[in-house]
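All remarks here apply to the structure that follows.
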Amino acid sequence: MPTPHAPLVLDAAAVAALLPQVDALAAMRRLFTELGQGDAVQPAQSLTLLPGGQGFQGDFITYQGASHGAQMFGAKLSPYLPREEGAIVTAWTVLMSSETGQPLMLCDAGRLTVERTAATTALAVDHLGGAAARRLAIIGSGAVAEAHLRHVLPLRDWQAVQVFSPSLQGAGRADHWRGLDPRVTVAQSADAAIAGADVVMLCTSSGQPVIDTTDVKPGTLVTSISTNVARAHEVPPAFLTDAEVYCDYRATTPMTAGEMVIAAEQGWGAGAIRGDLAELQCGQCPNPSGDRPVFFRSIGLGLEDILMAEAVYQAARSAE
Numbered sequence: 004m005p006t007p008h009a010p011l012v013l014d015a016a017a018v019a020a021l022l023p024q025v026d027a028l029a030a031m032r033r034l035f036t037e038l039g040q041g042d043a044v045q046p047a048q049s050l051t052l053l054p055g056g057q058g059f060q061g062d063f064i065t066y067q068g069a070s071h072g073a074q075m076f077g078a079k080l081s082p083y084l085p086r087e088e089g090a091i092v093t094a095w096t097v098l099m100s101s102e103t104g105q106p107l108m109l110c111d112a113g114r115l116t117v118e119r120t121a122a123t124t125a126l127a128v129d130h131l132g133g134a135a136a137r138r139l140a141i142i143g144s145g146a147v148a149e150a151h152l153r154h155v156l157p158l159r160d161w162q163a164v165q166v167f168s169p170s171l172q173g174a175g176r177a178d179h180w181r182g183l184d185p186r187v188t189v190a191q192s193a194d195a196a197i198a199g200a201d202v203v204m205l206c207t208s209s210g211q212p213v214i215d216t217t218d219v220k221p222g223t224l225v226t227s228i229s230t231n232v233a234r235a236h237e238v239p240p241a242f243l244t245d246a247e248v249y250c251d252y253r254a255t256t257p258m259t260a261g262e263m264v265i266a267a268e269q270g271w272g273a274g275a276i277r278g279d280l281a282e283l284q285c286g287q288c289p290n291p292s293g294d295r296p297v298f299f300r301s302i303g304l305g306l307e308d309i310l311m312a313e314a315v316y317q318a319a320r321s322a323e
């Protein structure tokens with residue numbers, strides 16, 4: 004794509020102003036279709052430790068990706084910088100043209116990460132959630148959880164949405180969530196929230212399991228996202244042997260997802276993964292049988308950041 008313009012530099016406020024013009028779910032559909040058709044490349048994410056002298060000075064994760072359809076490539080850099088007053092965590096995405104080799108945009112990736120994480124889960128719900136799913140449960144109440152709700156609400160005729168988070172036990176946050184949609188009610192516990200649910204979305208930053216999966220019924224979809232906590236897992240690793248397992252990208256997820264790493268140490272094998280989003284989007288893997296619970300794990304891909312950044316870039320150029 005020719006780029007006669009100077010590269011854009013967008014801070015968090017500029018990105019937030021453009022996001023209402025971006026269809027994040029459509030961007031993720033496009034991404035995983037390209038990936039399934041061999042028109043996109045997704046390397047594994049890499050962790051680089053920063054030189055620390057006598058002590059730990061932090062690290063940064065690099066998420067890379069290249070899209071033939073968008074004629075773009077790029078990377079998100081997300082540093083973790085420990086400080087006495089609290090760690091600094093940021094994320095910025097650089098987008099470049101694969102036609103000219105020139106930079107197109109540098110943007111704050113905080114909101115983009117939230118939106119692409121939720122949109123990826125929504126794509127999984129659309130593929131893996133039962134067509135008759137009516138009861139939705141959400142564990143977590145932060146910005147990521149709220150984005151998850153926003154992206155999945157149009158996908159099914161939800162009759163009830165149960166939300167649980169310890170922070171919702173205060174009136175202010177609980178009222179905020181009830182105001183998001185009239186079907187939302189605040190549960191008193193995680194067990195109460197997921198009881199009878201058809202889809203359970205885990206949207207926390209926990210490094211340990213946040214639900215008891217023992218009573219998850221056959222056909223129920225449980226989705227889980229990633230966090231920076233080492234070997235983080237929102238479900239017990241043993242759940243992988245009980246469920247039909249899917250992920251965002253089978254070539255990279257099993258090496259990073261905490262419950263998969265731990266389950267592999269206990270005898271589970273990544274060969275048990277039934278499919279990933281690229282295969283689901285292109286009809287290259289089986290759908291859930293309905294005989295067992297379904298587990299979907301997302302770790303976040305560089306391509307998700309690239310396609311979201313590309314959508315923001317197009318919105319910004321259109322507004323000029």
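Just so we're aligned, residue 4 is where the sequence shown starts under the numbering used here, counting upward by one. Idealized CB from N, CA, C, for every residue including glycine.
DSSP beta-bridge partners for residue i?
i: Asp279; result: Cys250
i: Ala29; result: None, per the DSSP bridge assignment.
i: Ala95; result: The identity of residue 95 in the sequence shown is Trp, whereas the question assumes Ala. Trp95 pairs with Leu80 and Asp111.
i: Ala69; result: Val44 and Phe76
i: Val315; result: According to DSSP, Val315 bridges with nothing at all.
i: Thr36; result: None, per the DSSP bridge assignment.
i: Val12; result: Leu109
i: Val297; result: Leu224 and Glu247
i: Ile64; result: Leu50 and Ser81
Assuming residue i contacts residue j under a Cβ cut-off of 8 Å, what Cβ separation, rounded to an integer in Å, is found between them?
i: Phe76; j: Met108; result: Rounded, the Cβ-Cβ distance is 12 Å, inconsistent with contact.
i: Asp251; j: Ser301; result: 4 Å
i: Phe299; j: Leu131; result: 6 Å
i: Gln165; j: Ala196; result: 4 Å
i: Val18; j: Leu115; result: 6 Å
i: Val297; j: Pro291; result: 5 Å
i: Ile214; j: Val238; result: 7 Å
i: Leu283; j: Leu38; result: Leu283 to Leu38, Cβ: 11 Å. No contact.
i: Leu152; j: Leu171; result: Rounded, the Cβ-Cβ distance is 13 Å, inconsistent with contact.
Tell me whether the beta-carbon of residue i lies closer than 9 Å to the beta-carbon of residue j.
i: Leu21; j: Ala319; result: yes
i: Thr226; j: Val189; result: no
i: Leu224; j: Val147; result: no
i: Gln150; j: Ala121; result: The displayed chain sequence assigns Ala, not Gln, to residue 150. Yes, they are a contact pair.
i: Ala177; j: Thr216; result: no
i: Ala30; j: Ala314; result: yes
i: Gly303; j: Ile228; result: yes
i: Gln60; j: Leu84; result: yes
i: Gly133; j: Gly222; result: yes
i: Asp218; j: Lys79; result: no
i: Ala273; j: Met263; result: yes
i: Gly143; j: Cys206; result: yes
i: Pro82; j: Leu52; result: no
i: Glu88; j: Val25; result: no
In chain order, what residues of the same chain have a beta carbon less than 6 Å from the beta carbon of residue i, not counting five sequence neighbours either side?
i: Pro46; result: Gln67
i: Pro23; result: none
i: Asp14; result: Asp111
i: Gly278; result: Tyr249 and Cys288
i: Gln42; result: First, the amino acid is wrong: residue 42 is Asp here, not Gln. Once the five neighbours on either side are set aside, the close Cβ partners of Asp42 are His71 and Gly72.
i: Pro5; result: Per-residue confidence for Pro5 stands at a pLDDT of 46, beneath the threshold of 50, marking its modelled position as unreliable; no derived number is given.
i: Ile91; result: Leu84
Using a Cβ-Cβ cut-off of 7 Å (strictly less than) and excluding sequence neighbours within five positions of residue i, which residues of its own chain qualify?
i: Gly199; result: Arg138
i: Ser101; result: Ala69, Gln74, Met75 and Phe76
i: Leu50; result: Asp62 and Ile64
Can you tell me whether residue i sits near the ligand MN, meaning its C-beta is under 8 Å from at least one heavy atom of the ligand?
i: Asp26; result: The model on display carries no ligand, and the ligand MN is accordingly not part of it.
Less than 9 Å between CB atoms is the rule here; does residue i satisfy it with respect to chain D?
i: Trp180; result: Among the chains in the structure shown there is no chain D, since it carries only a single protein chain.
Apart from the five residues on each side of it in sequence, which residues of its chain come closer than 8 Å, Cβ to Cβ, to residue i?
i: Arg32; result: Leu126 and Gln284
i: Arg181; result: Val187, Thr188 and Val189
Exercise. At which residue ranges does the segment 208-266 contain complete beta strand (DSSP E) runs of 3 or more residues, listed in the order of the chain?
Worked result: 224-227 and 247-250
Exercise. Could you give the uninterrupted runs of the beta strand (DSSP E) lying entirely in the segment 98-170, keeping only those of 3 residues or more?
Worked result: 106-111, 138-142 and 163-167
Problem set entry | Inside the segment 172-205 only - alpha helix (DSSP H) runs reaching at least 4 residues | 174-181 and 193-197
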